[in-house]
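Peer 1: In this text, residue positions in the sequence shown follow my numbering: the first is 13, and each later residue adds one. Take a look at this one; I'll ask things after.
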Amino acid sequence: MNFQQLRIIRETVRHRFNLTEAANVLLTSQSGLSKHIRDLEAELGVEIFVRHGKRLLGLTEPGKEVAKIVERMLVDAENLSRVVADFSSGNEGLLKVATTHTQARYTLPPVIAEFKKAFPQVRLQMQQASPKDLPAILLAGYADIAIATDTLDGHPGILAFPYQTWDHAVVVPHGHPLTTEQPLMLPAIAEWPIITYDEGLTGRQRIDHAFELAGLNPDISITALDADVIKAYAELGLGVGIIASVAYDPDQDRKLVRLDARDLFQPSTSSIAICRGRLLRRYAYRFVEHCNPKITESVIRAADRDRNID
């Protein structure tokens with residue numbers, strides 16, 4: 013048994029048993045990958061994968077247990093590398109943060125500016141993705157830290173902590189009739205086409221829930237992944253934009269008026285998350301503290317003390 017065989021098992025599972033994709037990630041041939049799998053199965057005395065001819069269809073019952081152990085072994089090996097790196101490289105290295113467009117564009121810049129002052133030799137790699145994709149990115153090890161709303165909580169392999177609570181805002185062009193509504197109410201908003209986030213993203217469920225509770229069926233005419241797109245179409249007068257309030261910039265969004273909607277929609281809380289059992293470099297813990305000073309390294313370690321990757 014060797015680490016290459018363990019990596020092959022992990023990547024094969026991650027790529028849904030597609031040997032071609034797994035081989036591409038591992039920079040090897042499909043035939044070589046198959047041989048490594050067969051060798052490991054022979055050594056262990058069990059078949060790890062269910063097969064149909066040369067195709068892999070899934071994990072056998074013993075294979076499911078093998079895959080869990082393989083993941084733990086590789087995570088521990090990565091943890092060992094991080095511990096050594098902390099002592100040998102100090103505050104030099106790479107920090108990979110996966111997040112949404114709204115977080116990367118509007119909430120994280122001041123955090124990152126302060127972090128870079130404290131750790132100028134740490135390279136920061138920002139990965140922007142849809143909130144629904146972030147758990148898989150984090151669990152696969154492609155990011156050290158993930159930040160999003162709604163999608164990072166409740167995963168057994170993820171430790172998520174509250175990061176920031178925010179409200180929604182309505183944005184319309186200057187002179188729009190809604191600017192004279194005092195107070196602004198949901199029935200008035202529902203009279204117009206609405207431009208907002210895709211379903212399942214960035215507090216969208218709270219927007220839908222508010223209209224549902226009010227007995228309204230609004231015309232959601234345009235949806236998008238990020239606030240900048242929503243604002244662009246709202247500027248054109250194609251509908252009323254509903255965005256995260258932090259995504260309104262009065263200096264750059266001069267063609268739009270922000271209308272306070274904090275009493276119309278429930279507030280949302282973004283989470284900052286790491287993988288259970290996966291140690292971070294010391295500067296990564298400091299990054300989390302820059303985001304929320306209450307989430308210290310000791311708090312994270314305490315939450316992960318009784319880890320169970322299963």
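C-beta: ideal position from N, C-alpha, C; glycine also. Predicted model only: the values in this text are computed from it and were never measured.
What's the C-alpha gap between Lys129 and Phe299?
Peer 2: Roughly 11 Å separates the two Cα atoms.
Peer 1: DSSP three-state label for Leu136, please.
Peer 2: If DSSP states are grouped into helix, strand and coil, Leu136 belongs with the strands.
Peer 1: In whole angstroms, give me the CA-to-CA distance for Leu268 and Gly253.
Peer 2: Rounded to the nearest angstrom, the two C-alpha atoms are 10 Å apart.
Peer 1: Thinking C-alpha only, which one of Val183, Asn304 and Lys306 is nearest Tyr245?
Peer 2: Here the closest residue by C-alpha is Val183.
Peer 1: Please report how far the alpha carbon of Asp265 lies from the alpha carbon of Gln115, in whole angstroms.
Peer 2: One C-alpha to the other measures close to 17 Å.
Peer 1: When the cut-off is 9 Å and only beta carbons count, does Leu225 lie next to chain B?
Peer 2: No chain B is part of this structure, which consists of one protein chain only.
Peer 1: Taking one C-beta from the region 67-76 and one from the region 129-145 each time, how about it: are there three or more such pairs within less than 8 Å?
Peer 2: Contact between the region 67-76 and the region 129-145 is absent, because fewer than three Cβ pairs lie under 8 Å.
Peer 1: Return helix, strand or coil for Gln42, following the three-state DSSP convention.
Peer 2: Helix, per DSSP.
Peer 1: Grab me the residues of Lys306's own chain with a C-beta within less than 7 Å of its C-beta, minus the 5 sequence neighbours each way, in chain order.
Peer 2: There are no such residues.
Peer 1: In the structure shown, what three-state DSSP assignment does Asp322 receive?
Peer 2: Legend: pLDDT at Asp322 = 41, less than 50; position of this residue unreliable, no value from coordinates given.
Peer 1: For the structure I just gave you, are there three or more beta carbon pairs, one from the region 224-244 and one from the region 289-303, closer than 8 Å?
Peer 2: Touching, no, given that fewer than three Cβ pairs across the two stretches are closer than 8 Å.
Peer 1: Going by beta carbon distance, what residues of the same chain come within less than 6 Å of Val109, once the five residues before and after it are set aside?
Peer 2: The residues are Met138 and Ile157.
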